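Chemist:
In full-length UniProt numbering, the protein residues as written are 1 to 109.
(1) With a threshold of 8 Å between beta-carbons, can residue 26 be considered close to chain D, or not?
(2) Between the Cα of residue 36 and the Cα atoms of 51, 65, 62, 63, which residue gives the shortest distance?
(3) So, with DSSP's three-state summary, where would you put residue 84?
(4) Please state whether DSSP places residue 24 in a helix, a strand or coil.
(5) Give the range of the alpha helix (DSSP H) segment to which residue 40 is assigned.
(6) Using 10 angstroms around the beta-carbon of residue 83, count the other beta-carbons present and answer buried if the total reaches 16, otherwise exposed.
Here you go:
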């Protein structure tokens with residue numbers, strides 16, 4: 001008769017993996033913005049491209065996108081005064097108004 005060689009094995013308990021605290025999407029976004037900002041001109045171009053893409057998202061996402069765009073504008077603002085003007089004049093293709101159009105409507109009322 002063959003002896004079961006597994007019967008004497010003791011169970012090995014491995015320590016649990018250290019749980020990494022989950023980041024919120026806002027924290028992740030801030031971290032990414034920080035890294036892009038450190039890249040200089042290349043990072044700025046990427047941020048401008050991101051801002052353009054965000055301005056084309058659907059209306060349902062506008063609240064979250066508006067928060068992200070404000071953060072982008074804060075980072076881009078010191079890099080050049082022309083960037084803000086360029087960002088504000090990007091036409092909205094989803095039927096919403098750009099910030100510049102909204103501002104003009106407020107001042108004309």
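All residues carry an ideal CB built from backbone N, CA and C; glycine is no exception.
Only a predicted model underlies this, so the values are computations on that prediction, with no experimental measurement involved.
Modeler: In short:
(1) Absent from the structure is chain D; it holds one protein chain and no more.
(2) If you number the chain shown from 1, residue 36 lands on position 36. When each option's Cα is compared against that of residue 36, the closest is 51.
(3) Counting from one through the chain shown, the residue named residue 84 turns up at place 84. The predicted position of residue 84 is uncertain, since its pLDDT is 48 and thus under 50; a value taken from the coordinates is nonetheless stated next. Residue state, collapsed to three classes: helix.
(4) As a working note, residue 24 is residue 24 in the chain shown. If DSSP states are grouped into helix, strand and coil, residue 24 belongs with coil.
(5) Within the chain shown, residue 40 is the residue found at index 40, counting from 1. No alpha helix (DSSP H) holds residue 40; DSSP gives it neither H nor E.
(6) Indexing the chain shown from 1 puts residue 83 at position 83. Because residue 83 carries a pLDDT of 48, less than 50, the predicted location of this residue cannot be relied on, and the following value inherits that uncertainty. Around the CB of residue 83, 16 or more other CB atoms lie within 10 Å, so the residue is classed as buried.
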